[in-house]
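Following the working numbering, the residues of the sequence shown are numbered contiguously, the last one being 411.
Here a beta-carbon is modelled for each residue, glycine too, at the ideal position from N, C-alpha and C.
All values derive from a computational prediction rather than experimental measurement.
Note sheet for the following structure.
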Amino acid sequence: MLQNPKGTKDIFSTTWYQQQLIIDQFIQLCKQMNYQPIQTPIFEYSSLFQKVNNANTDTDTAKEMYIFNDSKYKYALRPENTASVVRAYLQNKLYANNENKFFYIGRMFRHDNPQRGRYREFTQLGVELFDEATAASDTEIIMLAHQLLQRLNISTELHINTIGCEKCRGNYITTLQEYLKDKELCNDCKKRLDNNPLRILDCKVCTFENVPSIYNYICDECKGHFNTVQKLLAAINVPYTINNHLVRGLDYYSNTVFEFVFQHPNLQLPITLIGGGRYNGLIKQFCDGIDQPAIGFAAGLERLLLALELTNQLPEIRAEDFIYIVSQNEKEHAFKLYNTLIANGINAQINFHYSSLTKQLRTAAKSNAKYVFIIEEDEVKNNYITIKELTTSKQQQISYLQLFSLLQK
Ligand code: AMP
């Protein structure tokens, strides 16, 4: 039996339209806040993502990638889009035109273990903002994510945290390593203790009590930044919880990180619908002379849909009404009419077969057609169309002239 690969999904009509409605809301919101669309390739040179991951030798992220090569180069299916957006921003010197707010919609690929809400191919709706590292730009990004969830009527809990800056985080990491060194750690976290201790804080397996709080270690500037973000969120009535286990494992992240978390009795664990953070160090890492701070988020489309499904809020997609054209012996005339209807923006379909009219009418009755247009010899000879309304079975004859004046209306 033919089968789709593990962790991928075939998407059919209703779900496709439901996803599209979410995407439409996202696009509308981004346009409203003056974000510009950006579309980058689905695969990049694998070195792009490796560069990002190597900032810290966090093997978790590196092993997720699908890598392939031709005789010359090694490529990767993108596991996320931030690195590609940054690459495109730098390569095309978008900063020179003051273009600094971007949104994207696209498929991502990660070689994860699939489970509910976690796939190997999934869709992210994301934004990236390249601007000064102000608390106001952090707030804008969180506000955008919050607005999206409001529009979709999905209730979540917003978790925020600060992970300090590259200057002050070092003190905290040393303290954290000291604290963790004699704790019971899972195998992954044992490896992380040296190369990525912050990630241990958001491990789903290990639990700790009384972890030293980063707030006691970060510099006054980072504290001030985080306090202002909180004040601005309060000003726009966005409730939040400070979660000092929320981190980003890579070195180029700094200051604000956040997640919108969704809980439901039918879910074993809460799921993150949107995750984001400030990445002041990434652009510098890609392009030495450019010190451009940035912040962004990514929302998982499939998870937004899952949240709507679990809260019984999946939008209803109504099948469109159609005109169904049937003809046994006058296909040329029927096709001419069909082409005219389509050209005039009217929903129509035609029966492809040369079977009897009765059989074609039966097929039409099973479709979602509202009207059947019949064209046979008499219709052609006398220049009219027979129209049958399927719900009432009422039949009438109308001339082409009448039909076209109707169409014009
Ligand atoms: P991340 O890029 O890991 O910060 O993820 C951002 C968002 O993308 C998450 O909050 C999820 O909604 C979604 N996401 C990440 N990984 C997956 C996955 N494997 N399957 C489905 N959605 C995902």
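| Item | Value |
| --- | --- |
| Determine the direct distance from the alpha carbon of C32 to that of R89, and round the result to whole angstroms. | 21 Å |
| To which residues of the same chain is L310 closer than 6 Å at the C-beta, ignoring the five residues directly before and after it? | L316 |
| Identify the continuous beta strand (DSSP E) that holds R109 and give its terminal residues. | 103-111 |
| Give me the Cα-Cα distance between L234 and M145, rounded to the nearest whole angstrom. | 10 Å |
| What does the Cβ neighbour count give for Y402, buried or exposed, with the cut at 16 atoms within 10 Å? | exposed |
| Only counting the same chain, and skipping five residues up and downstream in sequence, which positions put a Cβ closer than 8 Å to that of V382? | E332, H335 |
| If I measure Cβ to Cβ from G166 and keep anything under 8 Å in the same chain, skipping five residues before and after, which residues do I get? | Y174, I216, Y219, I220, C221, C224, S256, N257 |
| In or out: V374 buried (at least 16 other Cβ within 10 Å) or exposed? | buried |
| For T2, which residues in the same chain have their Cβ closer than 8 Å to its Cβ, ignoring the five residues on either side in sequence? | An answer regarding residue 2 cannot be provided, because it is not within the stretch 3 to 411 covered by the chain. |
| When the distance is taken between beta carbons, is F324 closer than 8 Å to A345? | no |
| For Y174, does the three-state DSSP call read helix, strand or coil? | helix |
| Verify the contact flag: F264, CB atom, against every heavy atom of ligand 1, threshold strictly below 7 Å. | no |
| Tell me whether F124, by its Cβ, gets closer than 7 Å to a heavy atom of ligand 1. | yes |
| Alpha carbons only, please: which of T136, L154, Q404 is nearest the one belonging to H227? | T136 |
| Quick check on the DSSP output: what are the complete alpha helix (DSSP H) runs of length 4 or more inside the segment 160-235, in order along the chain? | 171-182, 189-197, 199-202 |
| Give the DSSP-derived three-state secondary structure of T59 in the structure shown. | Residue placement at T59 cannot be trusted, given a pLDDT of 45 that sits under 50; the coordinates are not used to answer. |
| Just curious, the beta strand (DSSP E) that F132 is in, first and last residue? | 123-132 |
| I need the DSSP call for V240, collapsed to helix, strand or coil. | coil |
| My output table needs one value for N415: the three-state DSSP class, helix, strand or coil. | The chain is shown only over 3 to 411; residue 415 falls outside these bounds and no answer can be derived. |
| Please list the terminal residues of the continuous beta strand (DSSP E) segment that includes A296. | 296-302 |
| Nearest-angstrom Cα distance between I285 and S369? | 55 Å |
| Please state whether the Cβ-Cβ distance between K206 and R122 is less than 8 Å. | no |
| Suppose the cutoff is 7 Å on Cβ atoms and the five residues either side in sequence are ignored; what does the same chain contact list for N155 look like? | Q315 |
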